[in-house]
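A.B. asks: Please read through the structure below; I'll follow up with questions.
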Amino acid sequence: MTFIQTLVFSRWDISPASDEPAHGYFMRLAELEGSVSMTTFAQWNDLEVNRVATNQLMETLERHPMPPEWFKRLRFNTPLRDGDGYVLRGHSLPYHHIRLGMRRWCPGCIHESPRHRGWWEVESIRHCPIHCVELVTRDEGGTLVPWSWLGFEYSRDGYALGHPLPKRDDGAPFARYLLGRFGWLEPTSAPLLDAISIPDVIDYCEFVGRFLENPPVRKHPAIGQHSGDIGYGALCGDRGDLAEAFRTWHRKYRRGHKARGVAAHFSWGYPMLAFLPESLRSTLRRAFQEAAVFETEGYDRRVKDEDFDVEFAPRVEIAKQLNIEPRAVELLAREIGVLQKTRERRTVAAEAIPAIAKFKETLIGVGEAAKRLGIHQDAIRHLVHAGYLSVFKGLNPGRRAGGRYSPDQVANVLRLIEDLPVTGPVAYGLTFHTYRVRNNILPGELAVACLKGEVVICEKRSDVPGFKRLMVHTDAKRKRQSFTRSDETMTMGEAQALLNMTYETVFVLVKEGHLGEVERSPRQVLISREAVEAFAAGHAKASDFGHGMGISGHAVTWRMQREGVRPIVKFVKGGKQIDTVFRRDDVMRVYELENDPTVLEDARVDRFWEIIVPEAAKVCPYLIFPPRLPMCGQRVWNSSRGMSAHFQYDPGLGGIHINLSARGERQNFWFDLNTEDYVVSIKEMLGVFDAVMKEATARQNAKTRERWRKRKTADNSGPPA
């Protein structure tokens, strides 16, 4: 008779546990059959000998008449091969995530219940979440325990595989999370991980853990025993917590590291993202970016989860929106603090574009910056090179509009000027302009030297802006200009009126020492009144002599030259308006005259002149009159030469012609000296003088303002493209 065995097991009076896999339950049934070796038992029953074939073992069990719920429980807890991977508790796992090479177990769990657990085959679960100890593969004697050994209480060498351990809930967070996801434990929440598959959870936790627990290396290191726990600790919070974990690594290993771009900061980690699943790749890439930006650019606050929702736009796109060049985007963004250069191509947040546009509109041109700083435009470049100002270029594509400047930076320079200490004596201070001219220094070089404290400041004026305020210390005591003068001196304009000569002639006389110079300052030259009156008494110009004798001034000059008389000052053809001046005695000797032809002897003229001069001093104090009216007539004017009036006596009619000229407007007046009723007329005429002068000045100022307005508009718009 032939005996045919149809079932592998003859008894199954023990039920599978809720977390027991098919191969673990198979081993317990084989031990109940009296076998001590899985290899021998498999050979007897024509089963796979060289490996743990979970699918074959599950199918072998299903041929037994066991309760269906047992098969369902066993199949659910067993990693069964499915294509290129496994299926465990409904989750597809890649082949490398299941470990069936050697038996692994938790000593505490084996002690509590000597059986196998389905989650011990998950390669990434390296610690027991119940007892918080590392899973082991060797007995206490150090010998590996193979799958061929069926016992769960003792090893082949007689060592106990388990021992009592306390239960804990403060360790193995990664394993606890995975068991929660598989359904073996109460689930725990991790917002970043809950929505992705278990294989992706394992890959990302181990990747992040490997990166965080190792220093920068050229090649990625192997997975450590705690890699999963470290990675899970970084990923279990929100996105900000993940970035903060990367920041901690950066502070530890890359503090002070200077490199543009994110990849250079994070060793192998950032490039390795390309080999990870897509589920969290963008989140990790953004976390690396946030960590690099916050560390390298010195942000003090934590990275927040909402920082990941901020969109960054390319510079080219922003430049197109603002109608500026791409290089200008970076300049403007850096100035207002919204540039994150570490992000490489997308360095500016899209929400910062309105702020950049608003800041662009506040920028001022080089002319306005120089005006506010009280300095020449050329000096601005020195302030830029010294770091006090920033120049913003590329704001008008296609046009050469020049750089523009921040009014806030200009205000900062003004505050630095205000804060400069005044340590020098006031008497030794020169104006900023005078000091640089005398010492042959460029305006910008002196400005930078002042801001750096390399020169001594003696005083700060209050009536001018910026650098013009500074009085710079010099070695020699400066002459303080006096705004009052004694009656013994007169100005160049008064001397011109008294001598009835051109300004150029008076300048030459002062230069050659014919008039006694008392004091010279940048504003005026004061001359001795006594010296001028003495010179006027002994000298006159050739045209004055000729007018009195009824001939031309040139005729007088030619006659005097033929007689060998040299003039004090000589007219030069084609040169400045210099009069030819002779001594009165020489002219009267050559022409054999008894009376001076330049002196007008008429009581009526003297009376008129004695009336108009004091009245003019009241109504038109800016007009300069000589003591007497010369024979050839007299032109009086104000100091700016904006208005003049020519007085000419007509001996034939016995009256005085007056021609008024004020910035292009002309009026004529006539006074009959044969009558004495002209005092009121003189006052009315002087009133007209004053009104005409004021109207002409206002008209000229309006023209000047309009001209500057058009020039400023042209500068701001720039040349056509």
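Residues are numbered in my numbering as their position in the sequence shown, beginning at 1, plus a constant of 959. All C-beta atoms in this analysis are idealised placements derived from N, C-alpha and C, irrespective of residue type, glycine included. Please read all numbers here as calculations on a predicted model, not as lab measurements.
State the CB to CB distance for the pair R1302 and V1252, rounded to an integer number of angstroms; the pair is presumed to be in contact (CB under 8 Å).
C.D. replies: The pair is a contact, with the Cβ atoms about 6 Å apart (cut-off 8 Å).
A.B. asks: For G1067, which of G1060, T999, I1400, R1076 has the nearest alpha-carbon?
C.D. replies: Of the listed residues, the one whose Cα sits closest to G1067 is R1076.
A.B. asks: Mind pulling the beta strand (DSSP E) runs of 3 or more residues that sit fully within the stretch 1594 to 1661?
C.D. replies: 1602 to 1609, 1614 to 1621, 1624 to 1631, all fully within the stretch 1594 to 1661.
A.B. asks: Which residue marks the beginning of the alpha helix (DSSP H) containing E1492, and which one marks its end?
C.D. replies: From DSSP, the alpha helix (DSSP H) with E1492 extends over 1488 to 1497.
A.B. asks: Please tell me whether H1498 and R1563 are closer than 8 Å, where the distance is taken between their beta carbons.
C.D. replies: No, the Cβ-Cβ distance between H1498 and R1563 is not below 8 Å.
A.B. asks: With a cut-off of 8 Å on the beta carbons, I'd call T1539 and A1501 a contact; round off their distance for me.
C.D. replies: Right, their Cβ atoms sit about 4 Å apart.
A.B. asks: Just to confirm the assignment, what range does the beta strand (DSSP E) spanning V1540 have?
C.D. replies: Residues 1540 to 1542.
A.B. asks: Taking contact to mean at least 3 C-beta pairs separated by less than 8 Å, is the stretch 1148 to 1159 in contact with the stretch 1197 to 1215?
C.D. replies: Touching, per the Cβ criterion.
A.B. asks: Any idea which residues DSSP pairs P1053 with across the strands?
C.D. replies: For P1053, which the question treats as bridged, DSSP gives the partners G1044.
A.B. asks: Are the beta-carbon atoms of R1040 and N1014 separated by less than 8 Å?
C.D. replies: In contact: R1040 and N1014 (Cβ atoms closer than 8 Å).
A.B. asks: Taking the runs of the alpha helix (DSSP H) that are 4 residues or longer, which of them lie wholly in the stretch 1319 to 1407?
C.D. replies: The qualifying runs are 1325 to 1332, 1338 to 1344, 1366 to 1378, 1391 to 1397.
A.B. asks: Of the residues G1117, I1416, R1658, V1647, which one's Cα is nearest the Cα of V1578?
C.D. replies: The option with the nearest alpha carbon to V1578 is V1647.
A.B. asks: For the beta strand (DSSP E) that K1217 lies in, which residues bound it at each end?
C.D. replies: First-last for K1217: undefined, no H or E at that position.
A.B. asks: Quick one: grab the DSSP three-state call for M1451.
C.D. replies: Residue state, collapsed to three classes: helix.
A.B. asks: H1682 bridges to which residues according to DSSP?
C.D. replies: As displayed, the chain neither begins before 960 nor continues past 1680, which places residue 1682 out of reach and without an answer.
A.B. asks: If you draw a straight line from the alpha carbon of L1322 to that of L1298, how long is it in whole angstroms?
C.D. replies: L1322 and L1298: Cα-Cα distance of roughly 18 Å.
A.B. asks: Going along the chain, which residues of its own chain have a beta-carbon closer than 8 Å to the beta-carbon of D1545, five neighbours each way excluded?
C.D. replies: Excluding positions up to five away in sequence, the list reads M1519, V1524.
A.B. asks: To the nearest whole angstrom, what separates the beta carbons of V1431 and V1407, a pair I think is in contact under 8 Å?
C.D. replies: Their Cβ separation, rounded to whole angstroms, is 13 Å, which puts V1431 and V1407 out of contact at 8 Å.
A.B. asks: Indicate the three-state DSSP secondary structure (helix, strand or coil) for F1584 in the structure shown.
C.D. replies: In the structure shown, F1584 sits in coil (DSSP, three-state: anything other than H, G, I, E or B).
A.B. asks: Quickly, what does DSSP pair L1298 with across the bridge? List them, please.
C.D. replies: According to DSSP, L1298 bridges with V1307.
A.B. asks: Apart from the five residues just before and just after I1161, which ones in its own chain have a Cβ nearer than 7 Å to its Cβ?
C.D. replies: If we look at I1161 and ignore the five residues flanking it on each side, its Cβ neighbours are H1056, S1083.
A.B. asks: So, does the stretch 1094 to 1105 touch the stretch 1115 to 1122, judging by three or more C-beta pairs under 8 Å?
C.D. replies: Counting Cβ pairs under 8 Å, three or more are found: they touch.
A.B. asks: Please return the same chain residues whose Cβ sits closer than 6 Å to the Cβ of T1672, not counting the five positions on each side in sequence.
C.D. replies: Around T1672: no qualifying Cβ.
A.B. asks: Rank D1446, S1421, G1403, F1530 by C-alpha distance to the C-alpha of V1465 and give the top, closest one.
C.D. replies: The option with the nearest alpha carbon to V1465 is F1530.
A.B. asks: Cutting at 6 Å between CB atoms, please list the residues of its own chain near V967, excluding the five before and the five after it.
C.D. replies: The residues are N1004, T1019.
A.B. asks: Applying the criterion that 16 or more other CB atoms from any shown protein chain within 10 Å of the CB defines a buried residue, is P933 buried or exposed?
C.D. replies: Because the chain spans 960 through 1680 in this model, residue 933 falls outside it and cannot be assessed.
A.B. asks: Residues bridged to H1086 by DSSP?
C.D. replies: Note: H1086 sits in a beta bridge opposite E1093.
A.B. asks: Out of F1271, G1296, A1316, K1263, which has the shortest C-alpha to C-alpha gap to E1284?
C.D. replies: Measuring from the Cα of E1284, the nearest candidate turns out to be A1316.
A.B. asks: In whole angstroms, what is the alpha-carbon distance linking R1177 and W1227?
C.D. replies: When rounded, the distance between both Cα atoms is 6 Å.
A.B. asks: Rounded to whole angstroms, what's the CA-CA distance from T998 to E979? Just pull it up for me.
C.D. replies: If I take the Cα positions, the gap works out to 21 Å.
A.B. asks: Assign R1135 to one of three DSSP states: helix, strand, or coil.
C.D. replies: Of the three classes helix, strand and coil, the one that applies to R1135 here is helix, per DSSP.
A.B. asks: Which residue from A1131, L1144, W1143, P1174 puts its Cα closest to that of C1164?
C.D. replies: C1164 has its Cα closest to that of A1131, out of A1131, L1144, W1143, P1174.
A.B. asks: Roughly how many angstroms lie between the CA atoms of A1495 and M1602, to the nearest whole one?
C.D. replies: Taking the straight line joining both Cα atoms gives about 25 Å.
A.B. asks: Of the choices D1555, Q1336, P1180, whose alpha-carbon is the least far from that of G1505?
C.D. replies: Here the closest residue by C-alpha is D1555.
A.B. asks: Determine the closest residue to F1247 out of M1231, P1236, D1259, R1260, with distance taken between C-alpha atoms.
C.D. replies: Per the Cα distances, M1231.
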